[in-house]
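Q: Please read through the structure below; I'll follow up with questions.
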Amino acid sequence: GIRHRSPSRGLGDVYKRQVYIDWSSDIVDPGDTIPAQIAPLARFASVLGGLGIGDQHLVVAYDIHPTAQFATRLWWALNYYGHDQVVVLNGGFAKWQRENRPLEVRIPTYPAATFTPVVQPQLRATAAEVLSQLGNQHIAMIDARDRGQYSGAVVRRPGRPGHIPGALNIPRDDVIDPATGTFRSNEELAKIFSNAGVQPQQQVVAYCNGGVAATTILFSLAMLGYPHLTNYDGSWNEWGSRQDLPTEV
Numbered sequence: 230g231i232r233h234r235s236p237s238r239g240l241g242d243v244y245k246r247q248v249y250i251d252w253s254s255d256i257v258d259p260g261d262t263i264p265a266q267i268a269p270l271a272r273f274a275s276v277l278g279g280l281g282i283g284d285q286h287l288v289v290a291y292d293i294h295p296t297a298q299f300a301t302r303l304w305w306a307l308n309y310y311g312h313d314q315v316v317v318l319n320g321g322f323a324k325w326q327r328e329n330r331p332l333e334v335r336i337p338t339y340p341a342a343t344f345t346p347v348v349q350p351q352l353r354a355t356a357a358e359v360l361s362q363l364g365n366q367h368i369a370m371i372d373a374r375d376r377g378q379y380s381g382a383v384v385r386r387p388g389r390p391g392h393i394p395g396a397l398n399i400p401r402d403d404v405i406d407p408a409t410g411t412f413r414s415n416e417e418l419a420k421i422f423s424n425a426g427v428q429p430q431q432q433v434v435a436y437c438n439g440g441v442a443a444t445t446i447l448f449s450l451a452m453l454g455y456p457h458l459t460n461y462d463g464s465w466n467e468w469g470s471r472q473d474l475p476t477e478v
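Numbering (the working numbering), first residue to last: 230 to 478.
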């Protein structure tokens with residue numbers, strides 16, 4: 230399963246390499262008709278290795294998004310390709326700035342490294358897999374979109390209103406403390422998921438619009454030690470556009 234891991238070594242040397250990854254172009258599949266799907270194995274390995282990220286590196290992911298969803302997307306993507314030495318900087322760049330920590334404007338480059346991807350298929354679900362498990366009480370389906378989209382009152386992009394039948398709605402924003410921009414405490418997170426009906430022994434499949442906000446939910450669950458976590462990467466971009474797949478409002 231996917232886990233939240235404490236780094237196996239200290240963070241003192243982490244910032245010796247700083248690289249920028251554009252999740253929307255660098256690590257997506259340009260050949261997929263569904264937007265924003267994870268890059269194929271060879272492309273992902275080429276991009277990461279080309280930036281100087283190798284098998285030996287601990288990756289600290291951060292972004293400027295208020296819910297850390299791009300950092301958690303990278304966390305999930307690295308885990309999907311078998312690189313579990315990755316952590317997310319809680320509070321992201323905004324908290325780093327607020328605390329007056331060091332910054333630089335130089336854009337460094339590094340020698341290419343060897344990134345060896347090993348796919349973990351249990352971390353990514355297809356539409357067919359989701360469809361086959363509808364109604365399975367051993368699976369908790371979580372819709373990470375806002376309540377308007379979940380209910381069908383809001384349709385964000387061309388497609389159908391509503392949600393995947395049986396999905397629970399836990400909006401991505403709910404797991405972040407707006408006062409600090411950090412993840413809520415484990416105690417608060419446990420209450421959010423428990424109150425929604427998610428049980429630790431269940432297989433959790435999360436989705437959103439494009440498989441990104443869902444990873445914020447998955448990361449929160451990983452911090453709580455939930456062992457069986459899966460991202461439906463196609464999410465509503467795929468499900469909402471396919472007339473052959475069931476919905477409910």
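A virtual CB, placed ideally from N, CA and C, is assigned to each residue, including glycine.
Computed from a prediction, not measured in an experiment: that's the story for all the values here.
Decide if the region 384-392 is in contact with the region 440-447; the criterion is three or more beta carbon pairs, one per stretch, under 8 Å apart.
A: Result no; under three Cβ-Cβ pairs closer than 8 Å.
Q: Would you mind giving the Cβ-Cβ distance between isoleucine 393 and tyrosine 436, rounded to the nearest angstrom? I have them listed as a contact below 8 Å.
A: The residue given as residue 393 occupies position 164 in the sequence shown. The residue given as residue 436 occupies position 207 in the sequence shown. By a beta-carbon distance limit of 8 Å, isoleucine 393 contacts tyrosine 436. Their separation comes to about 7 Å.
Q: Just curious, the alpha helix (DSSP H) that glycine 379 is in, first and last residue?
A: The residue given as residue 379 occupies position 150 in the sequence shown. As written in the sequence, residue 379 is tyrosine, which differs from the glycine given in the question. Where tyrosine 379 is concerned, the enclosing alpha helix (DSSP H) stretches over 376-380.
Q: Anyone know if the C-beta pair for alanine 274 and valine 257 falls short of 8 Å?
A: Numbered from 1 along the sequence shown, position 45 holds the residue referred to as residue 274. Numbered from 1 along the sequence shown, position 28 holds the residue referred to as residue 257. No, Cβ-Cβ distance for alanine 274 and valine 257 is not below 8 Å.
Q: Would histidine 294 be called buried (16 or more neighbouring beta carbons within 10 Å of its own) or exposed?
A: For this step, residue 294 is matched to residue 65 along the sequence shown. By the neighbour-count rule (16 or more Cβ atoms within 10 Å), histidine 294 is buried.
Q: For the beta strand (DSSP E) containing asparagine 460, list its first residue and its last residue.
A: What you label residue 460 is simply residue 231 of the sequence shown in a count that begins at 1. 458-461 is the extent of the beta strand (DSSP E) around asparagine 460.
Q: Assuming contact is defined by CB atoms lying nearer than 8 Å, are isoleucine 368 and valine 427 in contact in what I supplied?
A: For the purposes of this step, residue 368 is taken as residue 139 along the sequence shown, with counting starting at 1. For the purposes of this step, residue 427 is taken as residue 198 along the sequence shown, with counting starting at 1. Not in contact: isoleucine 368 and valine 427 (Cβ atoms no closer than 8 Å).
Q: Tell me, please, whether the CB atom of arginine 353 is closer than 8 Å to any CB atom in chain C?
A: Of the chains in the structure shown, none is chain C; there is only one protein chain.
Q: Taking its Cβ as the centre, do 16 or more other Cβ atoms sit within 10 Å of threonine 296, making it buried, or is it exposed?
A: Locating residue 296 in the sequence shown gives position 67, where the first residue counts as 1. Classification for threonine 296: buried.
Q: Taking valine 289 as part of the beta strand (DSSP E), name the residues at either end of that continuous run.
A: As a position in the sequence shown, residue 289 is number 60, starting the count at 1. Element bounds for valine 289: 288-290.
Q: Going straight from the alpha carbon of valine 315 to that of tryptophan 304, what length do you get?
A: Taking the sequence shown and counting its residues from 1, the one referred to as residue 315 is at position 86. Taking the sequence shown and counting its residues from 1, the one referred to as residue 304 is at position 75. In a straight line, the C-alpha of valine 315 is about 6 Å away from that of tryptophan 304.
Q: Is leucine 270 buried or exposed, if buried means 16 or more other CB atoms sit within 10 Å of its CB?
A: Residue mapping note: residue 270 aligns to position 41 of the sequence shown, counting from 1. Exposed is the call here.
Q: From which residue to which residue does the alpha helix (DSSP H) around tyrosine 309 run?
A: Within the sequence shown, numbered from 1, the residue matching residue 309 stands at position 80. Unbroken alpha helix (DSSP H) run through tyrosine 309: 298-309.
Q: Kindly identify the DSSP beta-bridge partner or partners of asparagine 398.
A: The count along the sequence shown starts at 1 and reaches residue 398 at position 169. Paired residue(s): Asp372.
Q: Going by DSSP, what residue range makes up the beta strand (DSSP E) through valine 433?
A: Here residue 433 is taken as the residue at index 204 of the sequence shown, counted from 1. Segment 432-436, the beta strand (DSSP E) holding valine 433.
Q: Would you tell me roughly how many angstroms separate the C-alpha atoms of glutamine 432 and valine 359, rounded to the nearest one?
A: Working through the sequence shown from its first residue, we reach residue 432 at position 203. Working through the sequence shown from its first residue, we reach residue 359 at position 130. Glutamine 432 and valine 359: Cα-Cα distance of roughly 12 Å.
Q: How should isoleucine 282 be labelled, buried or exposed, when 16 other C-beta atoms within 10 angstroms of its C-beta is the threshold for buried?
A: Sequence index remark: in the sequence shown, residue 282 carries index 53 (1-based). A buried status is given to isoleucine 282, since no fewer than 16 other beta-carbon atoms sit within 10 Å of its beta-carbon.
Q: Which runs of the alpha helix (DSSP H) at least 4 residues long sit entirely within the region 327-356? Give them in chain order.
A: none
Q: Please report how far the alpha carbon of proline 429 lies from the alpha carbon of glycine 395, in whole angstroms.
A: Within the sequence shown, numbered from 1, the residue matching residue 429 stands at position 200. Within the sequence shown, numbered from 1, the residue matching residue 395 stands at position 166. Whole-angstrom Cα-Cα distance: 18 Å.
Q: Whose CA, out of Ser464, Glu477, Phe422, lies closest to the CA of methionine 452?
A: On the sequence shown, residue 452 is found 223 positions in, with the first residue counted as 1. When only C-alpha atoms are compared, the closest one is Phe422.
Q: So, for glycine 239: in the same chain, excluding its five sequence neighbours on each side, which residues have a beta-carbon less than 8 Å away from its beta-carbon?
A: If you number the sequence shown from 1, residue 239 lands on position 10. In this prediction, glycine 239 has a pLDDT of 47, which is less than 50 and means its spatial position is unreliable; what the coordinates show is noted afterwards. Within the same chain, glycine 239 has no close Cβ partners at all.
Q: Assuming valine 317 is part of the alpha helix (DSSP H), what are its boundary residues?
A: Here residue 317 is taken as the residue at index 88 of the sequence shown, counted from 1. Unbroken run through valine 317 is the beta strand (DSSP E), 315-317; no alpha helix (DSSP H).
Q: Grab the span of the alpha helix (DSSP H) containing glutamate 467 for me, first residue to last.
A: Translated into the one-based positions of the sequence shown, residue 467 becomes position 238. It spans 464-468 - the alpha helix (DSSP H) in which glutamate 467 sits, taken as one unbroken run.
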